[in-house]
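> Attaching a single structure in structure tokens format; questions to follow.
Dropping the structure here:
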């Protein structure tokens with residue numbers, strides 16, 4: 001997602017967002033990431049699959065399952081993977097090379113936003129703030145980077 005935004009002071013800003021497949025490491029998250037691994041998740045998926053197979057194998061032949069039950073089970077099974085995909089962190093960058101006269105320096109602002117739908121709204125807010133004030137909002141998700 002890329003946008004070209006013209007600031008009030010004449011500078012052209014490029015606002016772009018990119019989905020991150022891994023959450024960026026921050027000092028606040030360090031204690032939680034130390035023991036993190038994929039082992040427990042894989043074990044839970046294997047146990048769930050085993051229990052589902054056992055349930056199907058032990059179902060008597062004369063039991064009639066309504067057609068909406070497998071659909072409901074599929075939706076329940078897909079809830080967490082879909083939630084994981086839709087809540088991925090996005091890195092948002094707003095940068096400018098300055099103006100032609102050299103009066104205004106180049107700047108780079110970077111931040112992280114969670115959620116596919118949230119990032120679209122935030123990029124629109126950032127673009128409008130740049131058009132209006134020639135800078136991203138200091139109270140917003142972006143912060144200047146040296």
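Residue numbers (my numbering): 1 to 146.
Glycine included, C-beta positions come from ideal geometry on N, C-alpha and C.
Note that this is a predicted model, so its numbers are computed, not measured.
Using the rule of at least 16 other Cβ atoms within 10 Å of the residue's Cβ for burial, across every protein chain shown, is residue 8 buried or exposed?
Position 8 of the chain shown, counting from 1, holds the residue named residue 8. Looking at its Cβ environment, which holds fewer than 16 other Cβ atoms inside 10 Å, residue 8 is exposed.
> Grouping DSSP H, G and I as helix and E and B as strand, with all else coil, what is residue 116?
Stepping through the chain shown from its first residue, residue 116 is reached at position 116. Here residue 116 sits in helix by DSSP.
> State the start and end residues of the unbroken beta strand (DSSP E) segment that holds residue 16.
Walking along the chain shown from the start, residue 16 turns up at place 16. Here the beta strand (DSSP E) through residue 16 covers 12-19.
> Considering only the beta carbon of each residue, do residue 130 and residue 13 sit closer than 8 Å?
Here residue 130 refers to the residue found at position 130 when the chain shown is read from its first residue. Here residue 13 refers to the residue found at position 13 when the chain shown is read from its first residue. A contact, by the Cβ cut-off of 8 Å.
> Which value, in whole angstroms, describes the spacing of the CA atoms of residue 40 and residue 80?
To locate residue 40, count along the chain shown from 1; it is residue 40. To locate residue 80, count along the chain shown from 1; it is residue 80. When only Cα atoms are considered, residue 40 and residue 80 end up about 15 Å apart.
> For residue 20, tell me which candidate among 126, 135, 133, 116 has the shortest Cα-Cα distance.
Position 20 of the chain shown, counting from 1, holds the residue named residue 20. For the residues 126, 135, 133, 116, the minimum Cα distance to residue 20 belongs to 116.
> Out of 118, 110, 53, which one is the CA nearest neighbour of residue 137?
By one-based count along the chain shown, residue 137 stands at place 137. It is 110 whose Cα lies nearest to the Cα of residue 137.
> Would you mind listing the beta strand (DSSP E) stretches within the segment 44-117 that are 3+ residues and don't spill past its ends, in chain order?
89-96, 107-114
> Which residues in the same chain as residue 125 place their Cβ atom closer than 8 Å to its Cβ, once the five residues preceding and following it in sequence are excluded?
Sequence index remark: in the chain shown, residue 125 carries index 125 (1-based). For residue 125, where only same-chain residues beyond five positions count, the Cβ hits under 8 Å are 137, 140.
> To the nearest angstrom, how far is the alpha carbon of residue 37 from that of residue 103?
If you number the chain shown from 1, residue 37 lands on position 37. If you number the chain shown from 1, residue 103 lands on position 103. For residue 37 and residue 103, the gap between their C-alpha atoms comes out near 50 Å.
> Would residue 96 and residue 106 be called neighbours here (beta carbons separated by less than 8 Å)?
Here residue 96 refers to the residue found at position 96 of the chain shown. Here residue 106 refers to the residue found at position 106 of the chain shown. Their beta carbons are under 8 Å apart, which means residue 96 touches residue 106 by this criterion.
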